[in-house]
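Novice: Here the numbering used here is used: the first residue of the sequence shown is 8, the next is one more, and so on.
Beta carbons are placed, not taken as given, at the ideal position from N, Cα and C, and that holds for glycine.
Since this is a predicted model, take the numbers as computed values, not measurements.
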Amino acid sequence: MTTLNSKVPKGPLKDKWTTYKNEIDLVNPANKRNIDIIVVGTGLAGGSAAATLAELGYNVKAFCYQDSPRRAHSIAAQGGINASKNYMGDGDSDYRLFYDTVKGGDYRSREANVYRLAEVSGNIIDQCVAQGVPFARDYGGLLDCRSFGGVLVSRTFYAKGQTGQQLLLGAYSAMNRQIGRGKIEMFNRHEMLDVVKVDGKARGIITRNLITGEIDRHSAHAVVIATGGYGNVYFLSTNAMGSNATAAWKIHKKGAYFANPCFTQIHPTCIPRSGDYQSKLTLMSESLRNDGRIWVPKKMEDVLAIRERKIKPNQIAEEDRDYYLERRYPAFGNLVPRDVASRAAKERCDAGYGVNKTGEAVYLDFAAAFERYGNEQAKIHGIENPSKEKITKLGVDIIKEKYGNLFQMYEKIIDENPYETPMMIYPATHYTMGGIWVDYNLMTTVEGLYCIGEANFSDHGANRLGASALMQGLADGYFVLPYTIGDYLSDDIRTGEISTDTTEFDEVEKEVKDRINFFMNNKGTKSVDYFHKKLGKVMWDKVGMGRNEEELKEAMVEIKAIREEFWKEVKVPGDKNEMNLELEKAGRVADFLELGELFAKDALDRNESCGGHFREESVELDGEQKGEANRNDKDYAYVSAWEYKGEPSEAVLHKEQLEFNDIELKQRSYK
Ligand SMILES: Cc1cc2nc3c(=O)[nH]c(=O)nc-3n(C[C@H](O)[C@H](O)[C@H](O)COP(=O)(O)OP(=O)(O)OC[C@H]3O[C@@H](n4cnc5c(N)ncnc54)[C@H](O)[C@@H]3O)c2cc1C
8 MTTLNSKVPK GPLKDKWTTY KNEIDLVNPA NKRNIDIIVV GTGLAGGSAA ATLAELGYNV
68 KAFCYQDSPR RAHSIAAQGG INASKNYMGD GDSDYRLFYD TVKGGDYRSR EANVYRLAEV
128 SGNIIDQCVA QGVPFARDYG GLLDCRSFGG VLVSRTFYAK GQTGQQLLLG AYSAMNRQIG
188 RGKIEMFNRH EMLDVVKVDG KARGIITRNL ITGEIDRHSA HAVVIATGGY GNVYFLSTNA
248 MGSNATAAWK IHKKGAYFAN PCFTQIHPTC IPRSGDYQSK LTLMSESLRN DGRIWVPKKM
308 EDVLAIRERK IKPNQIAEED RDYYLERRYP AFGNLVPRDV ASRAAKERCD AGYGVNKTGE
368 AVYLDFAAAF ERYGNEQAKI HGIENPSKEK ITKLGVDIIK EKYGNLFQMY EKIIDENPYE
428 TPMMIYPATH YTMGGIWVDY NLMTTVEGLY CIGEANFSDH GANRLGASAL MQGLADGYFV
488 LPYTIGDYLS DDIRTGEIST DTTEFDEVEK EVKDRINFFM NNKGTKSVDY FHKKLGKVMW
548 DKVGMGRNEE ELKEAMVEIK AIREEFWKEV KVPGDKNEMN LELEKAGRVA DFLELGELFA
608 KDALDRNESC GGHFREESVE LDGEQKGEAN RNDKDYAYVS AWEYKGEPSE AVLHKEQLEF
668 NDIELKQRSY K
């Protein structure tokens, strides 16, 4: 095991990024014209990077598997994007955003990167406003902000419930300008299937044209991976169906270390699974927890009566309801962070109090908010002695204004009116804090190979705060990578075009083709989804919200067995020289089947509870925090970066020791 060098610049935290920018090597504009950069992924991270690098003068080749960058998974982001602009005058600052992010991540992120993130966060908002992103504005026309979990200020900029979509349209129009100028060559419907290294440096990729099946070679002086997170390793998640880990996993196999794979965010407010034939889960925004109260019945006979539809939740008396978050965490109540809320829901459901037919649902109830807002409105409008119905109606109108689209979405999926019956929610896989290890320059352990956005192990430690993913992706793409990559490329100004007619490209292309041929020729009997679902079940049951040594060991064995069965029995219909969704999925699931095992191995190694990673052996045994997560800073204040060695079980651990000089390590308490 070696210790990793994060290449964090020396000097005080506040000056590191400025000093760094002053001291790096630059590439002059004429030389930039001779340098090619490949950007794989055109979501918010990749789209913003491609546009900015092309604007700077580099020749960019950008790739995505959708038919347009506009359809990247980033479009799904609802709630907002954080920035420390302090427009609300409520005491925000770069330091506070830095502090909240490190604390929210349970002290498992790198201080210098997070501080830089906070520093550039304000620039993102200015940049997006200049692009025309329609952020919400207050009555006077100034940009509005709202609050998200784990913080004491309002720093979340938003565009209704469509923030990701609007930001992506901004990045996409910036890209389009460069596509029009010929500075970005856009390859839609192209999937990167491997990276090519020449003399240890990333110099190209191999892609498959998803419409024609053609396999192509592309070369460049540097390669940037911006391919999103790997939450779909669980099969069911709030991620887009196509979200996958293939690019990240392929570069891992070619030398890029994979960091903290077990750090996953399970979001507490999602629409529960309805049965075995479901392939997607839907997020209900975190903002709902501002007004909704979460509960389950106290009495088992009520639970059973509800499941048998003999009674409705509204018929259960107030004193027979267990508002378990308010009971367990009086200080934060329903607004505890995501990891805490998710575990508490699981605890109640595991104890048998789940309220739907699968036993995996709790209520999110707005009745108290209807009453509170209704009474306020009656006062504002001078309505004397309003009836209960009138109050409810007035309150419902306010909730409709705030969250109408979410209520409508819920009703469409569940076919129940959430204004009349409390919503049912349950935790679901949502985001992956783990990912490819990168240094301060966002470079992986392979020279010239960069990784940005959700695909890298990012700045969120063991738990991401709401509205911070968009901030990180755009910070990486608009404001960090364009500097750091220039420092590296300044050595490449005399290299000239990279040829694709070399043995290195021949070899990797052959590997890609061999694998495709294997899938097409394998005479298996089972669909790709059969294996993906099986993997997802093991991941959820044994590497999910609660993890323990015994089950993690079982998970590793079981995942390996599924993988072996996959290679014998997978059946891919159709042809390779045409659009073939099953073939695409086969490649992605093959990679998930390896990543899943490394994920379990990482979870096994980290015998502490921190953030979204809850080891059942590592809980507080006494005192006020009894039963809560017990973080172990003495033994585990490091980033785990895994080196590929063939089988995932044989991966070698490298540690990046985390140092906290500008923040005091404390236990997170929400009691
Ligand atoms: C429902 C939902 C709501 C969310 N809401 C918020 C929110 O309000 N605020 C917030 O901060 N975060 C939110 N998040 C998280 C946030 O949306 C994501 O973390 C972020 O958008 C990821 O951006 P990205 O650019 O890294 O990746 P993505 O947007 O996932 O883009 C990945 C890109 O890579 C391409 N790609 C992938 N693999 C390949 C390959 N092999 N070859 C070629 N191209 C490839 C894809 O085509 C795509 O262009 C939400 C997440 C979900 C699921």
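For Q85, does the count of other Cβ atoms within 10 angstroms reach 16, so buried, or fall short, so exposed?
Specialist: Flag for Q85 reads buried.
Novice: Using DSSP bridges, identify the partner residues of V659.
Specialist: Answer by DSSP bridge pairing, in chain order: E650.
Novice: If contacts are defined as beta-carbon pairs under 8 angstroms, then A178 and S13 qualify, I think. What distance do you get, rounded to the angstrom?
Specialist: The pair is not a contact, with the Cβ atoms about 28 angstroms apart (cut-off 8 angstroms).
Novice: Please list the terminal residues of the continuous beta strand (DSSP E) segment that includes G411.
Specialist: Counting along the chain, G411 falls outside any beta strand (DSSP E), though it belongs to the alpha helix (DSSP H) covering 395-421.
Novice: Measure the C-alpha to C-alpha separation of K17 and D133 and round it to an integer number of angstroms.
Specialist: When rounded, the separation of the alpha-carbon atoms in K17 and D133 is 29 angstroms.
Novice: From which residue to which residue does the alpha helix (DSSP H) around E631 run?
Specialist: Premise fails: E631 is in no alpha helix (DSSP H) and is neither H nor E.
Novice: Determine the DSSP secondary structure at S161, reduced to helix, strand or coil.
Specialist: coil
Novice: Could you give the distance in angstroms between the alpha-carbon of A61 and the alpha-carbon of Y645?
Specialist: 36 angstroms
Novice: By the 10 Å Cβ neighbour count, where 16 or more other Cβ atoms means buried, how is L174 classified, buried or exposed?
Specialist: buried
Novice: Thinking C-beta only, is A227 closer than 8 angstroms to V453?
Specialist: no
Novice: From L605 to F599, what distance separates their C-alpha atoms?
Specialist: 10 angstroms
Novice: Give me the residue from L159, V535, Y165, Y122 with the minimum Cα distance to P141.
Specialist: Y165
Novice: Would you call the stretch 96-116 in contact with the stretch 301-320, where contact means no fewer than 3 C-beta pairs closer than 8 angstroms?
Specialist: no
Novice: Alpha carbon to alpha carbon, how far is E615 from E623?
Specialist: In a straight line, the C-alpha of E615 is about 9 angstroms away from that of E623.
Novice: Whole angstroms is fine: what's the gap from K567's alpha carbon to G366's?
Specialist: 29 angstroms
Novice: At a threshold of 7 angstroms, does G480 count as lining ligand 1 (C-beta to nearest heavy atom)?
Specialist: yes
Novice: By alpha-carbon positions, which one of E118, L477, K592 ends up nearest to C135?
Specialist: Out of E118, L477, K592, L477 has the C-alpha closest to the C-alpha of C135.
Novice: Please report the straight-line C-alpha distance between N267 and E558, rounded to a whole angstrom.
Specialist: 19 angstroms
Novice: Hey, quick one: how far does the alpha helix (DSSP H) through Q384 stretch, first residue to last?
Specialist: 374-387
Novice: Could you check what DSSP says for K190 in three-state terms: helix, strand or coil?
Specialist: In the three-state scheme derived from DSSP, where H, G and I count as helix and E and B as strand, K190 is classed as coil.
Novice: Return yes when at least one heavy atom of ligand 1 lies under 7 angstroms from the C-beta of S5, else no.
Specialist: It is not possible to answer for residue 5, since the shown part of the chain is limited to 8 through 678.
Novice: If distances are taken between C-alpha atoms only, which option among L11, S292, E585 comes closest to Q415?
Specialist: The candidate whose alpha carbon is nearest that of Q415 is S292.
Novice: Should E461 be listed as close to ligand 1, given that the test is whether its C-beta is under 7 angstroms from any heavy atom?
Specialist: yes
Novice: Rounded to whole angstroms, what's the CA-CA distance from I191 to D466? Just pull it up for me.
Specialist: Distance between the alpha carbons of I191 and D466 is about 28 angstroms.
Novice: Three or more C-beta pairs closer than 8 angstroms, one from the stretch 499-509 and one from the stretch 224-240: is that the case here?
Specialist: yes
Novice: Does the separation of the CB atoms of H274 and H437 fall below 8 angstroms?
Specialist: yes
Novice: Go through its chain and collect everything with a Cβ distance to I82's Cβ below 6 angstroms, but skip five positions before and after it.
Specialist: G171, Q172, L175
Novice: For A562, which residues of its own chain have a beta-carbon under 6 angstroms away from its beta-carbon, when the five flanking residues on both sides are left out?
Specialist: V545, K549, V550, A607
Novice: Ordered along the chain, which non-local residues of its own chain (more than five positions away) have a Cβ less than 6 angstroms from that of R554?
Specialist: So the qualifying residues of the chain are A610, R622.
Novice: Whole angstroms is fine: what's the gap from S294's alpha carbon to L665's?
Specialist: 32 angstroms
Novice: Could you tell me the distance, in whole angstroms, from the CA atom of Q322 to the CA atom of T219?
Specialist: 58 angstroms
Novice: Taking DSSP as the reference, what is the three-state secondary structure of W256?
Specialist: helix
Novice: Where does V515 land, buried or exposed, given buried means 16+ other C-beta within 10 angstroms?
Specialist: Label assigned to V515: buried.
Novice: Kindly indicate which three-state DSSP category M248 falls into: helix, strand or coil?
Specialist: Coil.
Novice: Helix, strand or coil: which one does DSSP assign to A324?
Specialist: coil
Novice: Could you tell me the boundaries of the alpha helix (DSSP H) in which P429 lies?
Specialist: Element bounds for P429: n/a, residue is neither H nor E.
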